[in-house]
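J.: Sharing a structure below in structure tokens format, with a few things to ask.
There are 2 protein chains.
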Amino acid sequence: MINSRFAVAVHILSILALKERETISSEAIAGSVNTNPVVIRRILGDLRRARLVVIQPGAGGGARLARDAAKITLLEIYQAVEDTALFALHPQQPNPDCEIGANIQAVLEVTFDRAEAAMFRTLAGTTVDQILHDVLNRAREAS
Amino acid sequence: MINSRFAVAVHILSILALKERETISSEAIAGSVNTNPVVIRRILGDLRRARLVVIQPGAGGGARLARDAAKITLLEIYQAVEDTALFALHPQQPNPDCEIGANIQAVLEVTFDRAEAAMFRTLAGTTVDQILHDVLNRAREAS
DNA sequence: TTAATTGTAACTATAATGGTTACAAATAGT
DNA sequence: ACTATTTGTAACCATTATAGTTACAATTAA
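If you're matching them up, the sequences are chains B and L in order.
According to the numbering used here, the first sequence holds residues 1 to 143 in order.
According to the numbering used here, the second sequence holds residues 1001 to 1143 in order.
Structure follows, in structure tokens:
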């Protein structure tokens, strides 16, 4: 299972998209996500390194989007916060003296890459802007 | 990251596909996977419950495919050994008093389901038979 | 100068993961 | 009936991942 950092990262960027041009503190974001501000700052660090947000340190500081929300895809967010491959191979190297053991990992890698790529394509087809609009539509319908 | 049980399960079924109609013990499989037989038996238990293998207990017992390797897809294997959703949501419920917090999870679920479904479609397009043939082709090329 | 804020290290608690031992139950072969 | 083999599963262990927390130096606005 892909951990919650990705879900939280999308949440963070949706907040920044809503409050465009404002600078939002990790504490304010933590209030919406319902966690500790340090957890948010760690994820914001990944997003900053991926050039998705700009962070202003010091008093009155915080984060804002580095570019328009319509130009940030979920794939970019995923790659900013996840570094491992989607599928794990064997915990130990299989037996190289077995016909299957010697070759299964190379074959699985190709298959796994294809499956991961399919998932990536759908993430690349959704932007932060779209997420925000879906969220606001739901908020409107609920009221 | 999806754990190694899926990779090992595909490995197991490839062995059973190679030794069609034979009954293979968890110890023999463990020798190829390079792990403890109990680890194999646990995964075989999932595969049996999913009706992908048939297991013969007792002396001379072991596992064999429940049907032709060309009729077993990687998606069936994935669903046999994985029970959680691909993407985790937030560790804690987001703040329901925040417009974003109150609605982000419902929106993410839709998006995550689409991404997962795309991955599933590619897994459904590959069979154990194809994996086995790719493995054997590599084995031949390497010799 | 002060207060607010980030960045990061260090630590904790909990859960997931894979491996191991142990043993009852089932079964084949004699 | 006896023996040897094998599965199924519980119990436990070590390692790693995960998320949360405290603490504090560095940065910055006012």
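Note that the Cβ used here is the ideal one computed from N, Cα and C, for glycine as well.
Starting from the Cα of alanine 1080 of chain L, find the closest Cα among L:Leu1065, L:Ala1088, L:Arg1051 and L:Asn1003 and give me that residue.
T.: As a working mapping, residue 1080 of chain L is identified with position 80 in the second sequence. Residue L:Arg1051 is the option with its Cα nearest to alanine 1080 of chain L.
J.: So, does the CB of threonine 1111 of chain L fall closer than 8 Å to a CB anywhere in chain B?
T.: Position 111 of the second sequence, counting from 1, holds the residue named residue 1111 of chain L. Answer yes: the Cβ-Cβ gap between threonine 1111 of chain L and chain B drops below 8 Å somewhere.
J.: How many angstroms separate the CA atom of alanine 1069 of chain L from the CA atom of alanine 1030 of chain L?
T.: The residue you call residue 1069 of chain L lines up with position 69 of the second sequence. The residue you call residue 1030 of chain L lines up with position 30 of the second sequence. Looking at the two C-alpha atoms, the distance is approximately 20 Å.
J.: With the cut-off set at 8 Å, would you say arginine 1041 of chain L and valine 1054 of chain L are in Cβ contact?
T.: Here residue 1041 of chain L refers to the residue found at position 41 when the second sequence is read from its first residue. Here residue 1054 of chain L refers to the residue found at position 54 when the second sequence is read from its first residue. For arginine 1041 of chain L and valine 1054 of chain L, no; Cβs fall outside 8 Å.
J.: At the level of alpha carbons, what is the spacing between arginine 1121 of chain L and alanine 59 of chain B?
T.: Taking the second sequence and counting its residues from 1, one reaches residue 1121 of chain L at position 121. Taking the first sequence and counting its residues from 1, one reaches residue 59 of chain B at position 59. Distance between the alpha carbons of arginine 1121 of chain L and alanine 59 of chain B: 49 Å.
J.: With distances taken Cα to Cα, identify the nearest neighbour of glutamate 1109 of chain L among B:Asp134, B:Phe112, B:Leu108 and B:Leu89.
T.: For the purposes of this step, residue 1109 of chain L is taken as the residue at position 109 of the second sequence. The shortest Cα separation from glutamate 1109 of chain L among B:Asp134, B:Phe112, B:Leu108 and B:Leu89 belongs to B:Asp134.
J.: Whole angstroms are fine: how far does the CA of serine 1025 of chain L sit from the CA of arginine 1140 of chain L?
T.: If you number the second sequence from 1, residue 1140 of chain L lands on position 140. If you number the second sequence from 1, residue 1025 of chain L lands on position 25. Computed Cα separation, rounded: 26 Å.
J.: Classify threonine 111 of chain B as buried or exposed, calling it buried when 16 or more other Cβ atoms lie within 10 Å of its own Cβ.
T.: Numbered from its first residue, the first sequence carries residue 111 of chain B at position 111. Buried.
J.: Between leucine 86 of chain B and chain L, is the shortest Cβ-Cβ distance under 8 Å, so that the two count as touching?
T.: Translated into the one-based positions of the first sequence, residue 86 of chain B becomes position 86. The C-beta of leucine 86 of chain B comes closer than 8 Å to at least one C-beta of chain L.
J.: Leaving out five residues on either side along the sequence, give the residues of the same chain with a beta carbon under 6 Å from the beta carbon of leucine 1075 of chain L.
T.: The residue labelled residue 1075 of chain L in the question sits at position 75 within the second sequence. Taken in chain order, the residues that qualify are Phe1120, Leu1123 and Ala1124.
J.: Can you tell me the Cβ-Cβ gap for leucine 4 of chain B and leucine 1089 of chain L, rounded? I've got them flagged as a contact below 8 Å.
T.: To locate residue 4 of chain B, count along the first sequence from 1; it is residue 4. To locate residue 1089 of chain L, count along the second sequence from 1; it is residue 89. A small fix is needed here, since residue 4 of chain B is serine in this sequence, not leucine. Indeed they touch by this definition, with Cβ atoms about 6 Å apart.
J.: Please name the residue or residues paired with valine 1053 of chain L in a DSSP beta bridge.
T.: Reading the second sequence from its first residue, position 53 is the one you call residue 1053 of chain L. Residue pairing of valine 1053 of chain L in beta bridges, as defined by DSSP: L:Leu1065.
J.: Please go through the same chain and pick out, in chain order, the residues whose beta-carbon is closer than 7 Å to the beta-carbon of serine 14 of chain B, but skip the five residues on each side of it.
T.: Locating residue 14 of chain B in the first sequence gives position 14, where the first residue counts as 1. Closer than 7 Å at Cβ, skipping near neighbours: Val128, Ile131, Leu132 and Val135.
J.: For a contact defined as C-beta to C-beta under 8 Å, what are the partners of arginine 1021 of chain L on chain B?
T.: Here residue 1021 of chain L corresponds to residue number 21 of the second sequence, with the count starting at 1. The contacting residues do not exist; arginine 1021 of chain L stays about 17 Å from chain B at best.
J.: Pick out whichever of L:Pro1057, L:Met1001 and L:Val1010 has its Cα sitting closest to the Cα of isoleucine 1077 of chain L.
T.: In the second sequence, counting from the first residue as 1, residue 1077 of chain L sits at position 77. For isoleucine 1077 of chain L, the nearest C-alpha among the options comes from L:Val1010.
J.: Could you round the C-beta distance between isoleucine 1002 of chain L and glutamate 1082 of chain L to whole angstroms and report it? I think they count as a contact, below 8 Å.
T.: Here residue 1002 of chain L corresponds to residue number 2 of the second sequence, with the count starting at 1. Here residue 1082 of chain L corresponds to residue number 82 of the second sequence, with the count starting at 1. About 7 Å separates the two Cβ atoms, so the contact holds.
J.: Along chain B, in chain order, which residues have C-beta atoms closer than 7 Å to that of glutamine 1092 of chain L?
T.: By one-based count along the second sequence, residue 1092 of chain L stands at place 92. For glutamine 1092 of chain L, the C-beta contacts it makes with chain B under 7 Å involve Asn34 and Thr35, in order along the chain.
J.: Judging by CA-CA distance, which residue of B:Thr84, B:Leu86, B:Asn103 and B:Phe87 is the nearest neighbour of glutamine 93 of chain B?
T.: The sequence position of residue 93 of chain B within the first sequence is 93, counting from 1. That would be B:Asn103, whose Cα lies nearest to the Cα of glutamine 93 of chain B.
J.: Starting from aspartate 134 of chain B, find everything on chain L with Cβ-Cβ shorter than 7 Å and list it in chain order.
T.: For the purposes of this step, residue 134 of chain B is taken as residue 134 along the first sequence, with counting starting at 1. Neighbours of aspartate 134 of chain B on chain L, chain order: Val1107.
J.: Are the Cβ atoms of arginine 1138 of chain L and valine 38 of chain B separated by less than 8 Å?
T.: Numbered from 1 along the second sequence, position 138 holds the residue referred to as residue 1138 of chain L. Numbered from 1 along the first sequence, position 38 holds the residue referred to as residue 38 of chain B. In this structure, valine 38 of chain B does not lie closer than 8 Å to arginine 1138 of chain L by Cβ.
J.: What's the gap between the Cα of glutamine 1177 of chain L and the Cα of alanine 1066 of chain L?
T.: There is no way to answer for residue 1177 of chain L, as the model of chain L reaches only from 1001 to 1143.
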